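Trainee: Have a look at the structure that comes next, please.
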Amino acid sequence: MTYMLLIGAFFLDVFAVISHVSSNWQMLDPTIRHNKVHKFISCLRFFSSIHCGEDKKEIAFIAQQSFIKYCLHTEKSLWPKIVRLIDTEDTFAKFRWTTWEPVNDDLKKFIYSSLKQKQEKYRESKFEYEKLSQLLTGKGKSVLIREGVLEKIQILSEKFQRSIEDEEFSQYLLLWHIATSLLFHTNHGKYTGSYYRISKLLSDYMMYLLLLRPNMLPKGIGEERIRETRDEVINFLNKQSSQTESEAGDALFNNNVSSSRTDKRPDGILVQSKSVLQDGRKLAHQLEGLVEEEELTWDHEEKWKMIADVWMEMLVFAASKCEWREHKTQMKNGKELLTHVALLMVHFGLTGHVQVVDIQSNQVEPVQPQEDRSSRWDWELSHLPNYLV
């Protein structure tokens, strides 16, 4: 048994060394000289990629969470009610109704081109930090102003605009998710272009983050707001005969939802309701009304292009506000779209994690310490024992 453990430990160490020296970081090290060892490992990597298939690093699937679907199925049987006695945050149901959709080329091109446009605007401003902050914190408001529709969407009143400025991101996200979901089902058959699908993908992905990855989003009272909105949607759907998500979406869009703007606490005190169902319905109707505006002369494609741009703004805002330790955790656990977007933003120079330093003209530049090369192998066999130690 002892010998078997020693042999197992030996092979594990050998495997660890081979994995490390053949890793992408080591192979791309600029200090490596292309000697025989390097060429040998490169050949091994080439043949293994042919045999096992290419190890694609891009994200292939995106998590989806539809709030309407979650509410529709959460009370269909007695079992969810029993589980909720233990799982007070309803995590089981949230994971149960999470789906995965392929990341298609249209979505990739849309995200890349949107970030590229932001980079161009940042460059045109001669890399002013104020412009960068504006590009990262728009949250869709800049899109509405650019399209000239902010004043036409009455639900985005002065009071609600202040809540956007105060970074109540969960309210803004949930509001737009409900509106996007209702429009998605209402417009089915009228317009099914790429922006229609991109808007739904980004909307459901951001809802997934709000429900199951709240640590990756700005802090707020998202859980309480989700719970009150969920209860209001469930109360409405219980009075309907909706069996599918599409039927539930049509019912919410076409029927009035009677609800109180205040809730009574157990101690009898009336408090303002945090549900955004009513506001989400109003936003959906006002967005649909943009197509009928004679002044705009919009069609459904332009409407959905604007909605997709709003969701892209929110994705950028969330990526810029997410702590890097959360991105690190997601890189260890799996591939998260928000982390990929954050890394692409850093590649384009669109990051707020920058320290602005006023360097005096007469200041002597500090001497850069020489790089310690003892921590990595330069592919010379004679240096390998040193590296392993």
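Taken in order, the sequence shown gives residues -16 to -1, 1 to 373; the numbers are from mature numbering (1 follows the signal peptide of the UniProt record, and there is no 0). We treat Cβ as the ideally placed atom computed from N, Cα and C, and that holds for glycine. As the structure is a computational prediction, the values presented were derived from the model and not from experiment.
Using CA coordinates, which residue listed in 241, 96 and 163 is at the minimum distance from residue 299?
Mentor: It is 96 whose Cα lies nearest to the Cα of residue 299.
Trainee: With a 10 Å radius around its C-beta and 16 neighbouring C-beta atoms as the bar for buried, classify residue 44 as buried or exposed.
Mentor: With fewer than 16 Cβ atoms within 10 Å of its Cβ, residue 44 is classed as exposed.
Trainee: Could you check where the beta strand (DSSP E) with residue 137 kicks off and where it finishes?
Mentor: No beta strand (DSSP E) contains residue 137, which DSSP labels as neither H nor E.
Trainee: What did DSSP end up calling residue 51 once you bin it into helix, strand or coil?
Mentor: Helix.
Trainee: Tell me which residues share the same chain as residue 127 and place their Cβ nearer than 7 angstroms to its Cβ, disregarding the 5 neighbours each side in the sequence.
Mentor: Excluding sequence neighbours, residue 127 sits near 290, 293, 294 and 297.
Trainee: What is the DSSP secondary structure of residue 46, counted as helix, strand or coil?
Mentor: Here residue 46 sits in strand by DSSP.
Trainee: Would you mind working out which of 167, 46 and 190 sits nearest residue 89, comparing C-alpha positions?
Mentor: Here the closest residue by C-alpha is 46.
Trainee: Label residue 117 either buried or exposed according to how many other C-beta atoms from any shown protein chain fall within 10 Å of its C-beta, with 16 as the threshold for buried.
Mentor: Burial call: exposed.
Trainee: When the Cα of residue 206 is compared with those of 222, -3, 159 and 226, which residue comes out closest?
Mentor: Comparing Cα-Cα distances from residue 206 to each of 222, -3, 159 and 226, the minimum goes to 159.
Trainee: When you compare each of -15, 136, -16 and 104 to residue 276 by their alpha carbons, which one comes out closest?
Mentor: Cα-wise, what sits closest to residue 276 is 136.
Trainee: Hey, is the segment 310 to 324 in contact with the segment 174 to 181, meaning 3+ C-beta pairs nearer than 8 angstroms?
Mentor: With the cut-off at 8 angstroms, the segment 310 to 324 and the segment 174 to 181 do not touch.
Trainee: Quick check: residue 322 and residue 181, are their CB atoms within less than 9 angstroms of each other?
Mentor: Not a contact, by the Cβ cut-off of 9 angstroms.
Trainee: What's the C-alpha gap between residue 353 and residue 184?
Mentor: Confidence in residue 353 is poor, its pLDDT being 49 and thus under 50, which makes the residue's placement unreliable; the coordinate value appears in the next sentence. Roughly 50 angstroms separates the two Cα atoms.
Trainee: Output needed for residue 100: all residues of its chain with C-beta closer than 8 angstroms, excluding positions within five of it in sequence on either side, in chain order.
Mentor: Within the same chain, residue 100 has close Cβ partners 332.
Trainee: Assign residue 86 to one of three DSSP states: helix, strand, or coil.
Mentor: Correct three-state label for residue 86: strand.
Trainee: By DSSP, does residue 379 sit in helix, in strand, or in coil?
Mentor: Limits of the chain in this structure are -16 at one end and 373 at the other, which puts residue 379 out of reach.
Trainee: Can you tell me the Cα-Cα spacing of residue 85 and residue 112, whole angstroms?
Mentor: Taking the straight line from one Cα to the other gives about 38 angstroms.
Trainee: Let me confirm a value: residue 324 is counted as buried when at least 16 other C-beta atoms fall within 10 Å, else exposed. Which label applies?
Mentor: Classification of residue 324: buried, given that the 10 Å Cβ count is 16 or more.
Trainee: Among residues of its own chain, excluding the 5 on either side of residue 188, which ones have a beta-carbon nearer than 7 angstroms to its beta-carbon?
Mentor: Correct list, in chain order: 48, 49 and 50.
Trainee: Can you name, in chain order, every residue of its own chain whose Cβ lies under 8 angstroms from the Cβ of residue 230, other than the five neighbours on each side?
Mentor: Cβ neighbours of residue 230 beyond the five flanking positions: 169 and 172.
Trainee: With distances taken between CB atoms, is the gap from residue 166 to residue 233 smaller than 9 angstroms?
Mentor: Going by C-beta atoms, residue 166 is nearer than 9 angstroms to residue 233.
Trainee: Closest to residue 286 by C-alpha separation, out of 133, 102 and 83, would be which residue?
Mentor: If we check each option's Cα against that of residue 286, 133 comes out closest.
Trainee: Just the Cα atoms here: how many angstroms apart are residue -4 and residue -16?
Mentor: When rounded, the distance between both Cα atoms is 18 angstroms.
Trainee: Quick one, are the C-beta atoms of residue 190 and residue 320 less than 9 angstroms apart?
Mentor: No, these two residues do not count as a Cβ contact at 9 angstroms.
Trainee: Could you give the DSSP three-state label for residue 283: helix, strand or coil?
Mentor: Reduced to three states, the DSSP call for residue 283 is coil.
Trainee: The alpha helix (DSSP H) spanning residue 323 covers which residue range?
Mentor: Run containing residue 323: 321 to 331, per the alpha helix (DSSP H) assignment.
Trainee: How far does the alpha helix (DSSP H) with residue 191 in it reach, from first residue to last?
Mentor: 178 to 196 is the span of the alpha helix (DSSP H), which, as asked, contains residue 191.
Trainee: Can you give me the start and stop residues for the alpha helix (DSSP H) that residue 231 sits inside?
Mentor: Element bounds for residue 231: 229 to 238.
Trainee: Please list the terminal residues of the continuous alpha helix (DSSP H) segment that includes residue 156.
Mentor: Run containing residue 156: 153 to 170, per the alpha helix (DSSP H) assignment.
Trainee: Which residues in the same chain as residue 209 place their Cβ atom closer than 8 angstroms to its Cβ, once the five residues preceding and following it in sequence are excluded?
Mentor: Excluding residues within five positions, the ones whose Cβ falls inside 8 angstroms are 154, 155, 158, 258, 259 and 260.
Trainee: Three-state secondary structure (DSSP) at residue 356?
Mentor: Unreliable positioning characterises residue 356 in this predicted model, as indicated by a pLDDT of 48, which lies under 50. A coordinate reading is not provided.
Trainee: Applying the 10 Å Cβ sphere with the 16-neighbour rule, what's the burial state of residue 225?
Mentor: So residue 225 counts as exposed.
Trainee: Would you report the Cα separation of residue 164 and residue 268, rounded to the nearest angstrom?
Mentor: Taking the straight line joining both Cα atoms gives about 7 angstroms.
Trainee: Measuring CA to CA, which of 1, 56 and 270 is closest to residue 214?
Mentor: Of 1, 56 and 270, the residue nearest in Cα terms is 56.
Trainee: Would you tell me roughly how many angstroms separate the C-alpha atoms of residue 284 and residue -2, rounded to the nearest one?
Mentor: For residue 284 and residue -2, the distance between alpha carbons rounds to 56 angstroms.
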